[in-house]
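Remarks on the structure that follows.
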Amino acid sequence: MAQKIVTIYTDDLTGEESAEAATHTFSLDGVGYEIDLGPDNYELLLQALGPFMQKARKNGKTRKPASRGSASRPSQDTAEIRAWAKKNGYNVNDRGRVPAEIREAFEKASK
(Lines of atoms letter the chains of each structure in order from A and count residues from 1; the text may use other names and numbers.)
(Lines give C-alpha, C1' and ligand atoms only; values in the text may rest on other atoms or scores of the structure.)
Protein backbone atom coordinates (compact mmCIF):
# COMPACT_ATOMS: atom_id res chain seq x y z
CA MET A 1 0.00 0.00 0.00
CA ALA A 2 1.35 3.43 -0.93
CA GLN A 3 0.42 6.61 0.80
CA LYS A 4 0.88 10.14 -0.48
CA ILE A 5 0.68 13.07 1.89
CA VAL A 6 0.12 16.49 0.37
CA THR A 7 0.68 19.64 2.39
CA ILE A 8 -1.17 22.70 1.18
CA TYR A 9 -0.13 26.05 2.57
CA THR A 10 -2.79 28.71 2.75
CA ASP A 11 -2.85 32.37 3.65
CA ASP A 12 -4.94 32.66 6.84
CA LEU A 13 -6.19 36.10 5.88
CA THR A 14 -7.45 35.29 2.39
CA GLY A 15 -7.76 31.51 2.51
CA GLU A 16 -5.84 31.30 -0.78
CA GLU A 17 -3.31 28.54 -1.37
CA SER A 18 0.24 29.79 -1.58
CA ALA A 19 3.51 27.89 -1.75
CA GLU A 20 5.12 31.05 -0.32
CA ALA A 21 2.91 31.24 2.78
CA ALA A 22 4.96 31.26 5.97
CA THR A 23 4.15 31.32 9.66
CA HIS A 24 4.68 34.60 11.48
CA THR A 25 4.39 35.18 15.22
CA PHE A 26 3.72 38.30 17.23
CA SER A 27 2.31 39.16 20.64
CA LEU A 28 0.16 41.88 22.11
CA ASP A 29 -0.62 42.42 25.79
CA GLY A 30 1.01 39.14 26.75
CA VAL A 31 -0.94 37.05 24.24
CA GLY A 32 1.07 35.33 21.51
CA TYR A 33 -0.36 35.01 18.02
CA GLU A 34 0.67 32.95 15.02
CA ILE A 35 -0.56 33.50 11.48
CA ASP A 36 0.28 32.03 8.08
CA LEU A 37 0.59 34.72 5.43
CA GLY A 38 1.66 35.00 1.83
CA PRO A 39 4.26 37.65 0.96
CA ASP A 40 1.70 40.35 0.07
CA ASN A 41 -0.26 40.02 3.30
CA TYR A 42 2.92 39.80 5.35
CA GLU A 43 3.95 43.12 3.82
CA LEU A 44 0.56 44.55 4.85
CA LEU A 45 1.14 43.31 8.41
CA LEU A 46 4.59 44.93 8.50
CA GLN A 47 3.19 48.20 7.16
CA ALA A 48 0.45 48.20 9.81
CA LEU A 49 2.77 47.36 12.72
CA GLY A 50 5.85 49.18 11.42
CA PRO A 51 5.24 52.62 12.97
CA PHE A 52 4.57 51.00 16.35
CA MET A 53 7.58 48.68 16.14
CA GLN A 54 9.89 51.61 15.34
CA LYS A 55 8.88 53.40 18.55
CA ALA A 56 8.56 50.33 20.78
CA ARG A 57 11.13 48.83 23.16
CA LYS A 58 12.09 45.21 22.70
CA ASN A 59 11.04 43.09 25.62
CA GLY A 60 13.16 40.05 26.33
CA LYS A 61 14.83 37.69 23.97
CA THR A 62 12.91 36.75 20.87
CA ARG A 63 13.47 33.64 18.86
CA LYS A 64 13.43 33.54 15.15
CA PRO A 65 10.73 31.23 13.82
CA ALA A 66 12.00 28.18 12.02
CA SER A 67 11.58 28.31 8.30
CA ARG A 68 9.95 25.42 6.53
CA GLY A 69 12.30 22.60 5.73
CA SER A 70 14.90 23.70 8.27
CA ALA A 71 13.87 21.31 11.02
CA SER A 72 16.46 18.73 9.97
CA ARG A 73 19.19 21.29 9.25
CA PRO A 74 20.58 21.80 12.78
CA SER A 75 21.40 18.11 13.31
CA GLN A 76 23.08 17.92 9.91
CA ASP A 77 25.08 21.07 10.63
CA THR A 78 26.00 19.84 14.08
CA ALA A 79 28.04 16.91 12.78
CA GLU A 80 29.82 19.18 10.32
CA ILE A 81 30.46 21.82 13.00
CA ARG A 82 31.82 19.22 15.44
CA ALA A 83 34.22 17.85 12.83
CA TRP A 84 35.39 21.36 11.93
CA ALA A 85 35.80 22.31 15.60
CA LYS A 86 37.93 19.26 16.40
CA LYS A 87 40.13 19.92 13.34
CA ASN A 88 40.62 23.51 14.46
CA GLY A 89 41.53 22.79 18.07
CA TYR A 90 38.21 23.44 19.79
CA ASN A 91 37.13 21.21 22.64
CA VAL A 92 33.66 19.99 21.68
CA ASN A 93 31.64 17.06 23.03
CA ASP A 94 30.42 14.28 20.76
CA ARG A 95 26.88 14.81 22.00
CA GLY A 96 24.69 17.62 23.25
CA ARG A 97 24.47 21.25 22.27
CA VAL A 98 27.37 22.81 20.38
CA PRO A 99 28.39 26.01 22.20
CA ALA A 100 27.39 29.26 20.51
CA GLU A 101 30.97 30.52 20.27
CA ILE A 102 31.96 27.41 18.29
CA ARG A 103 28.95 27.81 15.98
CA GLU A 104 29.88 31.46 15.43
CA ALA A 105 33.51 30.60 14.68
CA PHE A 106 32.35 27.92 12.22
CA GLU A 107 30.03 30.38 10.47
CA LYS A 108 32.79 32.99 10.20
CA ALA A 109 35.21 30.42 8.80
CA SER A 110 32.60 29.18 6.31
CA LYS A 111 32.07 32.60 4.74
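Residue numbers (numbering that gives the first Met the number 0): 0 to 110. Ideal placement from N, C-alpha and C gives every residue a C-beta, glycine not left out.
Beta-carbon proximity check, residue i vs residue j, cutoff 9 Å
i: R94; j: I80; result: no
i: L36; j: H23; result: yes
i: I7; j: E16; result: yes
i: A21; j: T9; result: no
Contacts around residue i, its chain only, beta-carbon distance under 8 Å, and the 5 residues preceding and following it disregarded
i: S98; result: First, the residue type needs correcting, since residue 98 is Pro and not Ser in the sequence shown. Answer for P98: V91, listed in chain order.
Where residue i falls: helix, strand or coil (DSSP)
i: S17; result: coil
i: I4; result: coil
i: L44; result: helix
i: G88; result: coil
Residue from the options whose Cα sits closest to the Cα of residue i
i: F51; options: F25, D76, N40, E33; result: F25
i: D11; options: A104, I34, N87, R96; result: I34
i: K57; options: L27, R96, Q2, K110; result: L27
i: A18; options: P38, Y89, G88; result: P38
6 Å CB neighbourhood of residue i in its chain, flanking five on each side removed
i: N40; result: D10, L12
Cβ shell of residue i (< 7 Å), same chain only, five flanking positions each side left out
i: K85; result: V91
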